[in-house]
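Quick note: the sequence shown uses this note's numbering, first residue 10, plus one each step.
All C-beta atoms, glycine included, are put in the ideal place defined by N, C-alpha and C.
Please read these numbers as outputs of a predicted model, since none were measured by experiment.
Please read the structure below before turning to the comments.
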Amino acid sequence: MSSLVELTIDLKQESWTAFCTGVYPNLKTLELRIGLQVWLSEDSHWHESALLHPFPQLERLKLLPSAARKCIPILQLTFPSLHILEFGTTSQWLIESIDEEMVVQYAQFVERHPTIQVISLGRNYVRSMGRIMQSTKNLRALHASLPFSDGSLRSVPESLDAAPHITHLRLSGLLTSVLTFLKCAHTFPHFRCLELDCENAKDFDFILQLPTSRHDTLFHFSQLRELAPSLVEVAFDISFRSQMPVQETLLTLLERLQGCGELRALRLRNLDLEPSAAEFPIELVEHAEAIPPKLQFIVWGDGRSVRAYQLNSDHDSSGCKKVTRISLPHSTPSNGRWSLDWHEESVFDHINQIFDVY
10 MSSLVELTID
20 LKQESWTAFC
30 TGVYPNLKTL
40 ELRIGLQVWL
50 SEDSHWHESA
60 LLHPFPQLER
70 LKLLPSAARK
80 CIPILQLTFP
90 SLHILEFGTT
100 SQWLIESIDE
110 EMVVQYAQFV
120 ERHPTIQVIS
130 LGRNYVRSMG
140 RIMQSTKNLR
150 ALHASLPFSD
160 GSLRSVPESL
170 DAAPHITHLR
180 LSGLLTSVLT
190 FLKCAHTFPH
200 FRCLELDCEN
210 AKDFDFILQL
220 PTSRHDTLFH
230 FSQLRELAPS
240 LVEVAFDISF
250 RSQMPVQETL
260 LTLLERLQGC
270 GELRALRLRN
280 LDLEPSAAEF
290 PIELVEHAEA
300 IPPKLQFIVW
310 GDGRSVRAYQ
320 LNSDHDSSGC
330 KKVTRISLPH
340 STPSNGRWSL
350 DWHEESVFDH
360 INQIFDVY
């Protein structure tokens, strides 16, 4: 086991002690699925055996408990190299309240790890976000999977205020929840990258529209400049078929985002496209009447490929852009089992200063 670098394990009660007494000097990535029975026992020797063998090189830890219980032995450990942490559940439909004792245990774990820079919270942990955020020191990226309907969403912006150093925010869940979150948010001038995982075509098409009045209670994409005036990159995960053609969706997005004066990159991924509609609309973008003034890159991805395009001013045509497909010199992370790969998918992580033109 000394050569293991990545490990996914589904632990049962009878396997816990054997796992803890193993030696994993080179393990960097651990996905730990903890069965219900493990949570029901608080046998102290589990804690003692675990503390004897830390994981000195572990950088990524994903915990997937099957229920919210009192005992999480691995949270007694300290991982000196931990950078990425995810609290999830084994079922996306398991929305069980996390009691105060559990919240304290999570927060203390985070507090003991000032090296953590990325955190992902499942739906049933969002209510505890404030306490967890207060424990972070160097957090740079946060993924929050928002509950379907929860009035406590209005406290989430205050939780983010506790971690003003966050520059990369990803939100997923039903779009109505995301809208509630965004509408009650303050202005976040420190946000540089915002990702929205959209799950509902009807709501997505609706918020592409302009606000009907100043009293409109829903959030609209045209208001992003007010929410995060320093945004450099915006990404949308659109895993549904929109009611309007995808080319029209892109042009409308460009128009709604034109107020984002610092925006340099727009990413659309997981597009549900017919092969006949998968081509990027180069000519439409080149002649678009409204576009963010500093936009340089558009990344266009469906289930078959990911393509990147560079936008430059066309000196021969006033006001138009010249769109050129460019190569991705580094392989784009695949959609594997690690939901935390999102924070590594920035277009600026894959495109060099010198571009290879197709």
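Cβ neighbours of residue i in the same chain (closer than 6 Å, five flanking residues each side left out)
i	result
Q218	none
V243	L203 and L275
I307	L275 and Y318
T38	E15 and R69
K368	The shown model of the chain, from 10 to 367, leaves out residue 368, and the question about it has no answer.
W102	Per-residue confidence for W102 stands at a pLDDT of 43, beneath the threshold of 50, marking its modelled position as unreliable; no derived number is given.
Local Cβ density within 10 Å of residue i, reported as buried at 16 or more and exposed below that
i	result
R132	buried
G312	exposed
A27	exposed
E40	buried
K71	buried
P74	buried
V187	buried
D108	exposed
P173	exposed
P198	exposed
C-alpha gap between residue i and residue j, whole angstroms
i	j	result
R273	A317	13 Å
L20	I43	5 Å
H92	R69	6 Å
K211	Q117	41 Å
E236	E110	Checking the displayed sequence, the identity of residue 236 turns out to be Leu instead of Glu. Near 34 Å, if we compare the C-alpha coordinates of E110 and L236.
L185	Y134	Correcting the residue identity first, residue 185 is Thr in this sequence and not Leu. If you take the alpha carbons of T185 and Y134, they lie about 18 Å apart.
E271	P123	31 Å
S53	P82	Per-residue confidence for S53 stands at a pLDDT of 47, beneath the threshold of 50, marking its modelled position as unreliable; no derived number is given.
T258	S231	14 Å
A194	T176	15 Å
S322	S336	19 Å
T189	V119	27 Å
C269	R201	11 Å
7 Å Cβ shell around residue i - same chain, five flanking residues per side excluded
i	result
L36	L13, V14, L16, F64, Q66 and L67
L280	I247, V255, G310 and D311
R140	V112 and A116
Close Cβ partners of residue i (< 8 Å) along its chain, the five nearest in sequence each way excluded
i	result
Q267	A299, I300, P301 and P302
T261	L217 and M253
S11	V32, Y33, P34 and N35
K331	E295, L320, N321, S322 and D323
L263	L275, V294, A297, A299, I300, P301 and L304
Per DSSP, the bridge partner or partners of residue i
i	result
Y318	I307 and R334
H177	A150 and C202
K71	E40 and E95
L1	The requested residue 1 does not occur in the structure, where the chain is confined to residues 10 to 367.
L20	I43
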